[in-house]
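So the protein lines, in turn, are chains A and B. Per our numbering, the very first residue in the first sequence carries number 2; after that it's consecutive. Per our numbering, the very first residue in the second sequence carries number 505; after that it's consecutive. As structure tokens, the structure follows; a few thoughts come after it.
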Amino acid sequence: QVQLQESGPGLVKPSGTLSLTCAVSGGSISSRNWWSWVRQPPGKGLEWIGEMHHSGSSNYNPSLKSRVTISIDKSKNQFSLKLTSMTAADTAVYYCARGSDLWGRGTLVTVSS
Amino acid sequence: DVVMTQSPLSLPVTLGQPASISCRSSQSLVHSDGNTYLSWFQQRPGQSPRRLIYKVSNRDSGVPDRFSGSGSGTDFTLKISRVEAEDVGVYYCMQDTHWLFTFGPGTKVDIK
């Protein structure tokens with residue numbers, strides 16, 4: 002079955018850039034799905050960051066749009082998140098997801114010097 | 505953005521008894537394609553969210569049939585017919601009719 006696994010640094014410095022990757026196994030990223038990033042600050046609720054279709058279409062959270070880029074690498078069967086100008090408010094568990102029906106385990110990213 | 509509200513925010517339940525969570529949206533969730541994209545998620549402690557219900561009332565694969573969803577327009581309900589110990593966690597409704605997709609604040613379910 003399809004599985005998703007996030008990877009990336011657990012610590013980012015203020016004003017730095019977060020880069021996360023989500024590896025898709027057991028299925029093709031070129032299937033008819035949207036690929037998403039969602040985050041959850043510690044002890045808080047869930048927030049959509051954005052999504053991308055393998056065709057290249059994308060949607061971003063307007064509050065993050067100026068700082069976010071989601072991309073798909075079909076050759077590696079993975080997709081990525083880049084979030085620039087990080088602040089403490091960006092500290093969260095970051096989840097990758099296939100649409101909304103399948104989620105990775107999440108990775109905690111802390112913004113601190 | 506569509507604002508999702510849930511009630512109650514905390515729900516102590518007795519094992520074997522039913523439980524119900526309400527979710528309301530600030531605008532209709534009926535999509536132009538005629539579908540209503542309202543989902544329910546369960547997040548057990550320390551785990552990632554798991555989708556239980558999609559398009560109001562459709563159970564995802566492997567979801568016990570004690571979970572059911574209903575509603576229309578702006579008012580939706582998740583019901584657990586008989587609560588089991590493994591149902592403890594936070595439940596979120598989410599709309600994916602209108603971008604930006606948005607979640608409710610969550611309802612924490614625990615055992616009395």
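Note that CB positions come from ideal geometry on N, CA and C, so glycine has one too.
Nearest neighbour of residue i, chosen from the options [CA to CA]
{"i": "Q547(B)", "options": "Y96(A), T111(A) and G100(A)", "result": "Y96(A)"}
{"i": "D91(A)", "options": "G57(A), R40(A), S56(A) and G44(A)", "result": "R40(A)"}
{"i": "D591(B)", "options": "C527(B), N562(B), F605(B) and T518(B)", "result": "T518(B)"}
{"i": "F545(B)", "options": "P553(B), N539(B) and G538(B)", "result": "P553(B)"}
{"i": "R563(B)", "options": "L582(B), G593(B), T578(B) and S530(B)", "result": "L582(B)"}
{"i": "S26(A)", "options": "N60(A), K75(A) and G17(A)", "result": "K75(A)"}
{"i": "V613(B)", "options": "T601(B), Y595(B) and S565(B)", "result": "Y595(B)"}
{"i": "I615(B)", "options": "T606(B), I525(B), V506(B) and G593(B)", "result": "G593(B)"}
{"i": "V94(A)", "options": "S64(A), G28(A) and I50(A)", "result": "I50(A)"}
{"i": "S86(A)", "options": "N34(A), S16(A) and R106(A)", "result": "S16(A)"}
{"i": "H602(B)", "options": "I557(B), D537(B), S565(B) and T611(B)", "result": "D537(B)"}
{"i": "C597(B)", "options": "S561(B), S565(B) and E588(B)", "result": "S561(B)"}
{"i": "G57(A)", "options": "S32(A), R68(A), A24(A) and W104(A)", "result": "S32(A)"}
{"i": "E52(A)", "options": "T70(A), G46(A) and S64(A)", "result": "T70(A)"}
{"i": "K480(B)", "options": "D505(B), I584(B), H535(B) and G550(B)", "result": "This structure leaves residue 480(B) out entirely; chain B is present only between 505 and 616."}
{"i": "A523(B)", "options": "S565(B), A589(B) and I584(B)", "result": "I584(B)"}
{"i": "E48(A)", "options": "S64(A), W35(A) and N34(A)", "result": "S64(A)"}
Three-state secondary structure assigned by DSSP to residue i
{"i": "W102(A)", "result": "For the record, residue 102(A) in the displayed sequence is Asp; it is not Trp. Correct three-state label for D102(A): coil."}
{"i": "D579(B)", "result": "strand"}
{"i": "D591(B)", "result": "helix"}
{"i": "D91(A)", "result": "helix"}
{"i": "R548(B)", "result": "coil"}
{"i": "Q6(A)", "result": "strand"}
{"i": "I30(A)", "result": "coil"}
{"i": "N539(B)", "result": "coil"}
{"i": "T22(A)", "result": "strand"}
{"i": "N78(A)", "result": "coil"}
{"i": "L12(A)", "result": "strand"}
{"i": "S113(A)", "result": "coil"}
{"i": "V534(B)", "result": "strand"}
{"i": "S565(B)", "result": "coil"}
{"i": "L604(B)", "result": "coil"}
{"i": "L65(A)", "result": "coil"}
Identified DSSP bridge partners for residue i
{"i": "P516(B)", "result": "D614(B)"}
{"i": "W35(A)", "result": "H54(A)"}
{"i": "G573(B)", "result": "L582(B)"}
{"i": "W49(A)", "result": "V39(A)"}
{"i": "K83(A)", "result": "S20(A) and T70(A)"}
{"i": "Q521(B)", "result": "DSSP output for Q521(B) lists no bridge partner at all."}
{"i": "T108(A)", "result": "Y95(A)"}
C-beta atoms of residue i and residue j nearer than 8 angstroms
{"i": "L515(B)", "j": "Q599(B)", "result": "no"}
{"i": "S81(A)", "j": "K14(A)", "result": "no"}
{"i": "L604(B)", "j": "N62(A)", "result": "yes"}
{"i": "L5(A)", "j": "A89(A)", "result": "no"}
{"i": "K83(A)", "j": "T18(A)", "result": "yes"}
{"i": "S37(A)", "j": "G100(A)", "result": "yes"}
{"i": "G525(B)", "j": "T611(B)", "result": "A small correction: the amino acid at residue 525(B) is Ile; Gly does not occupy that position in the sequence shown. The answer is yes: Cβ separation under 8 angstroms."}
{"i": "D102(A)", "j": "R528(B)", "result": "no"}
{"i": "G28(A)", "j": "V3(A)", "result": "yes"}
Presumed contact (8 angstroms Cβ cut-off) between residue i and residue j, rounded CB distance
{"i": "T111(A)", "j": "E7(A)", "result": "That belief does not hold up - the Cβ atoms of T111(A) and E7(A) are roughly 15 angstroms apart, past 8 angstroms."}
{"i": "T509(B)", "j": "G608(B)", "result": "6 angstroms"}
{"i": "R570(B)", "j": "Q521(B)", "result": "Going by Cβ atoms, the distance from R570(B) to Q521(B) rounds to 11 angstroms, so no, they are not a contact pair."}
{"i": "I30(A)", "j": "H55(A)", "result": "6 angstroms"}
{"i": "G9(A)", "j": "T22(A)", "result": "6 angstroms"}
{"i": "S540(B)", "j": "S511(B)", "result": "It is Thr, not Ser, that sits at residue 540(B) in the sequence shown. Not really, about 20 angstroms apart at Cβ, beyond 8 angstroms."}
{"i": "V567(B)", "j": "S530(B)", "result": "Rounded, the Cβ-Cβ distance is 27 angstroms, inconsistent with contact."}
{"i": "L533(B)", "j": "T578(B)", "result": "7 angstroms"}
Beta carbon proximity, residue i to chain D, threshold 8 angstroms
{"i": "P15(A)", "result": "Going by chain labels, chain D is absent from the structure shown, which instead holds the protein chains A and B."}
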